[in-house]
Every structure is written in C-alpha cells, then in structure tokens.
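Let me begin by presenting the structure, written as structure tokens, before commenting on it.
Number of protein chains: 2
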Amino acid sequence: MSTLGYALLGLLAREPASGYDLSRQLRAPIGFFWRARHSQIYPELARLEAEGLVTHAVVEQQELPDKKVYTITEAGQATLQGWVTDPVEPAVVRDELLLKTFSLWLAEPAAAAALFREHERHHAEQLRVYEALQQQLEAKGEEIRQPTSPFFAAYVTLQRGLIYERQYLEWCRWVAEQLERTD
Amino acid sequence: MSTLGYALLGLLAREPASGYDLSRQLRAPIGFFWRARHSQIYPELARLEAEGLVTHAVVEQQELPDKKVYTITEAGQATLQGWVTDPVEPAVVRDELLLKTFSLWLAEPAAAAALFREHERHHAEQLRVYEALQQQLEAKGEEIRQPTSPFFAAYVTLQRGLIYERQYLEWCRWVAEQLERTD
DNA sequence: TCCCTCATGTAAAAGGTTACATGATTTA
DNA sequence: TAAATCATGTAACCTTTTACATGAGGGA
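Chains as they are written, first to last, in our numbering: chain W, 258 to 440; chain B, 258 to 440.
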C-alpha cells in the first residue's frame with residue numbers, strides 16, 4: 258500500500274467522499290501535510306477498491322454530473338488502524354527556499370530580501386487560515402481533548418501547522434532584516 | 258535545469274567536489290533541506306557538464322580509487338546567481354507522521370504515544386547535531402553576519418534547521434503527553 | 001570472514017506533475 | 001463571452017528510489 262492510499266483511507270474513515278471531494282481536501286487544509294492531484298487520486302481509489310478497502314456507489318445529481326461516492330470498508334478501517342501506530346521515518350524536508358538560502362551569499366542583498374518578504378507574506382496568509390480553523394475546532398469544546406475523537410486528531414495536527422507557519426514566518430522576517438541592514 | 262542541478266551548483270560554488278563528496282553532503286547536514294542519492298547525482302553532473310556549467314578533472318589517488326573532481330564554471334556561477342533570487346513557490350510539506358496524526362483517533366493511545374516519543378528522541382538527536390554545527394559556525398566571528406560570506410548563508414540556513422527541530426520536538430512531546438494522560 | 005568506506009556508474013520501478021480529453025451549469 | 005465549478009478519467013513526462021554491478025583496501 259502506498260502512502261497516498263493511507264491518506265485517502267484516513268479521509269474516508271471520517272466520512273464518505275467522491276474522488277473530486279478528496280482531491281479538494283488534498284489541496285487545503287489537509288494539503289498542508291500531504292498533497293495529491295486528481296490524476297493520482299482516481300487510479301488509487303480504483304486500487305483500494307480492488308483490494309476491498311473501499312466500495313463505491315454512484316450518486317445521481319440533478320443539474321450536476323453523477324458522482325462515485327466512496328466508503329471505507331471494515332477491512333479498510335483495520336488496515337488504516339494498523340498503519341497509524343506503525344513506525345515511520347521522520348519526513349525528509351525538500352525546501353527550495355532553503356536551498357536558495359544556502360547560496361544566498363552569491364545574491365544581491367536587496368533582491369534576496371524581497372524574496373524573503375514575499376515568503377513572509379505567504380506564511381502570514383497561511384497562518385490566518387489555520388487560526389480561523391482553530392477557532393472553528395475550539396468551538397467543539399471538550400471533544401478536541403478526547404484522543405478517540407476525530408476532532409482531537411484534527412486539532413493536534415492543526416497545532417503543528419500553526420507552529421510551522423509562525424516559525425517560518427518569523428525566520429523569513431529575521432533573514433529579510435539581516436539583508437536589509439546596509440551597515 | 259532541475260532543482261537538483263542547482264543544489265549541486267550551490268555546493269560546487271563553495272568548493273570543488275567529486276560526485277561521491279556531493280552525495281555525502283546531500284545526506285547530512287545539507288540533507289536537512291534537500292536530499293539525493295548517488296544514482297541521481299552522477300547523471301546530473303554529466304548533464305551539468307554537457308551544458309558547460311561544471312568541468313571535471315580526474316584525480317588519481319594512491320590506495321584509493323581515482324575520482325572525478327568537479328569545478329563550477331563562470332557560466333555555472335552565473336546560472337546559480339540568477340536562480341537564487343528568482344521567485345519560488347513555498348515548499349510542499351509531505352510528512353507521513355502528520356498524516357498518521359490526522360488518523361490518530363483510531364489508534365490505541367498508548368501505542369500512539371510511543372510513536373511520538375520515538376520521534377521526539379529523533380528530533381532531539383538532530384537538534385544536538387545542529388547545535389554542534391552552530392558552535393562551529395559562531396567561531397567564525399563576524400563573517401556569519403556578512404551577507405556576501407558563504408558562512409552567513411550557512412548560518413542563516415542552519416537557524417531554520419534549529420527552529421524546525423526544536424519546534425517539532427516540542428510538538429511531539431506535547432502530543433505524547435496528551436495521549437499519556439489517562440484521565 | 002564479513003562489513004564498511006571509497007568510488008562511479010546503469011536499469012528498473014515507483015511516485016508525482018503536467019497535459020490531454022469531455023461536458024454541463026453557473027457566475028462575472 | 002469567458003472563466004470557474006463540478007465530475008471523472010488517461011497518457012506522457014519528469015523525478016526519485018531501489019536494485020544491480022564492480023572492485024580495492026581497512027577494520028572488527
């Protein structure tokens with residue numbers, strides 16, 4: 258099973274969805290930690306179904322195209338559960354901005370500062386999105402503290418996103434300030 | 258030009274190196290933000306040479322195999338310089354632990370806590386490596402504050418690594434604590 | 001004796017992105 | 001009229017990983 262397969266099972270364990278729904282979720286906000294295009298999702302759903310981990314039902318809609326709504330099976334739930342606590346290697350970071358940063362000494366400081374200000378803005382935007390999500394989740398009350406609640410899992414994951422964006426933003430600002438100091 | 262090509266140019270702009278040297282550097286500590294295996298590096302070096310961005314000289318060694326030492330050309334330096342301040346999309350995070358975290362509600366809390374304690378240990382280790390590197394860099398003195406010094410670029414990049422590891426470590430500890438609280 | 005380091009490559013497979021393909025409805 | 005959303009697929013291409021291939025020298 259591919260990691261993408263588990264990503265899809267993880268979404269379907271929360272609620273049934275079409276390939277289209279899943280592709281939107283794998284853009285944002287779940288896209289924060291795993292992304293996939295529809296061209297990858299549709300064949301993967303077919304594979305999951307062939308293995309008996311999901312099933313689908315065609316739902317006819319008026320004035321909109323028909324859709325295939327996928328549901329996780331018991332076998333799918335069991336497979337997902339087994340995977341969750343299985344050891345994983347820490348994620349490999351693959352960050353082109355950091356690669357550029359490493360060669361920053363070759364650049365014109367003013368042009369480089371602009372690059373970091375741009376990224377600072379991006380992370381500020383992303384942070385606002387996550388903060389809005391946090392407010393929504395906190396309205397759920399005590400559920401976000403219950404380890405067996407899907408809201409707990411979402412809340413804990415979101416905290417990582419918040420920390421990541423805040424720290425990345427601050428780092429960008431700090432680098433830009435260093436480059437703008439023309440003393 | 259591929260991103261890997263720029264990664265190699267970025268290393269060769271600092272000092273000439275063989276494919277083998279580059280492959281070690283792209284494991285650690287540069288591997289923090291970009292990784293590559295030797296099977297990817299050797300063909301890429303050939304491509305860079307075909308484009309005139311690097312050249313190589315065969316260095317014979319006693320009691321060790323011969324090696325090809327690559328040097329960046331003026332054209333290579335110019336290409337790299339142009340790329341550094343060129344806009345980039347923020348990195349896409351692809352973190353399997355976060356994917357598991359999102360499905361944490363299906364897991365047994367004790368088993369899940371063990372997973373996070375494991376990652377906490379890993380990030381603590383990584384942090385120690387970066388802190389040692391920081392000490393080495395800080396010994397360079399004022400150079401790490403000069404935007405045109407390669408040590409400045411290394412220092413700034415390292416700061417991001419330090420922040421990343423510290424925050425990831427703290428988040429893992431926080432998640433583990435939540436899961437261990439059996440009230 | 002077996003594994004690790006040094007050293008350079010190629011080939012096959014898997015994972016991921018971009019482009020091709022179609023078509024209705026709604027919004028600007 | 002043009003673009004966006006909904007909806008599902010395939011094909012070509014690029015990137016990355018894993019495996020194959022070879023061989024000397026040093027250390028456990």
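A virtual CB, placed ideally from N, CA and C, is assigned to each residue, including glycine.
Query	Result
Residue-chain proximity (alanine 348 of chain B, chain W), Cβ-Cβ < 7 Å	yes
Residue interval of the alpha helix (DSSP H) (run including lysine 357 of chain W)	353 to 359
Nearest-angstrom Cα separation, counted from tyrosine 263 of chain B out to threonine 342 of chain B	12 Å
Cβ-Cβ distance between phenylalanine 290 of chain W and aspartate 352 of chain B below 7 Å	yes
Proximal chain B residues relative to alanine 212 of chain W, where beta-carbon distance stays under 8 Å	No information on residue 212 of chain W is available, as it lies outside the stretch 258 to 440 that chain W covers here.
Paired residues, beta bridge with isoleucine 329 of chain W - DSSP	W:Val311
When W:Glu400, W:Glu388, W:Gln403 and W:Arg374 are compared against glutamate 434 of chain W, the one with the closest alpha-carbon	W:Arg374
Amino acids of chain W, ordered along the chain, whose beta-carbon sits closer than 8 Å to that of glutamine 287 of chain B	First, the residue type needs correcting, since residue 287 of chain B is isoleucine and not glutamine in the sequence shown. In chain order: Phe359.
Rounded distance between the beta-carbons of leucine 361 of chain W and valine 413 of chain B, thought under 8 Å	7 Å
Reference leucine 337 of chain W; option with closest CA among W:Met258, W:Gln403 and W:Cys429	W:Met258
Beta carbon proximity, glycine 262 of chain B to chain W, threshold 7 Å	no
Residues that DSSP places opposite serine 275 of chain B in a beta bridge	B:Val326
Contact set for isoleucine 298 of chain B: own chain, Cβ-Cβ below 6 Å, skip 5 residues either direction	Gly276, Leu279 and Ser280
Positions along the segment 320 to 351 of chain B whose CB lies within less than 9 Å of some CB in chain W	Gln334, Leu337, Gln338, Trp340, Val341, Thr342, Asp343, Pro344, Val345, Glu346, Pro347, Ala348, Val349, Val350 and Arg351
Where valine 350 of chain B sits in the DSSP three-state scheme	coil
Cβ-based contacts, 9 Å cut-off: residues of the segment 396 to 420 of chain W near chain B	Arg402, Gln403, Pro404, Thr405, Ser406, Pro407, Phe408, Phe409, Ala410, Ala411, Val413, Thr414, Gln416, Arg417, Gly418 and Ile420
Within-7 Å CB hit, histidine 295 of chain W to chain B	no
Valine 315 of chain B beta carbon less than 7 Å from that of glycine 333 of chain B	no
Whether leucine 436 of chain W touches proline 404 of chain B by CB criterion (7 Å)	yes
The alpha helix (DSSP H) enclosing tryptophan 431 of chain B, as first and last residue numbers	407 to 437
Straight-line gap, leucine 415 of chain W to glutamate 365 of chain W (C-alpha atoms, nearest Å)	37 Å
Inter-residue Cα distance where the pair is arginine 423 of chain B and alanine 381 of chain B	8 Å
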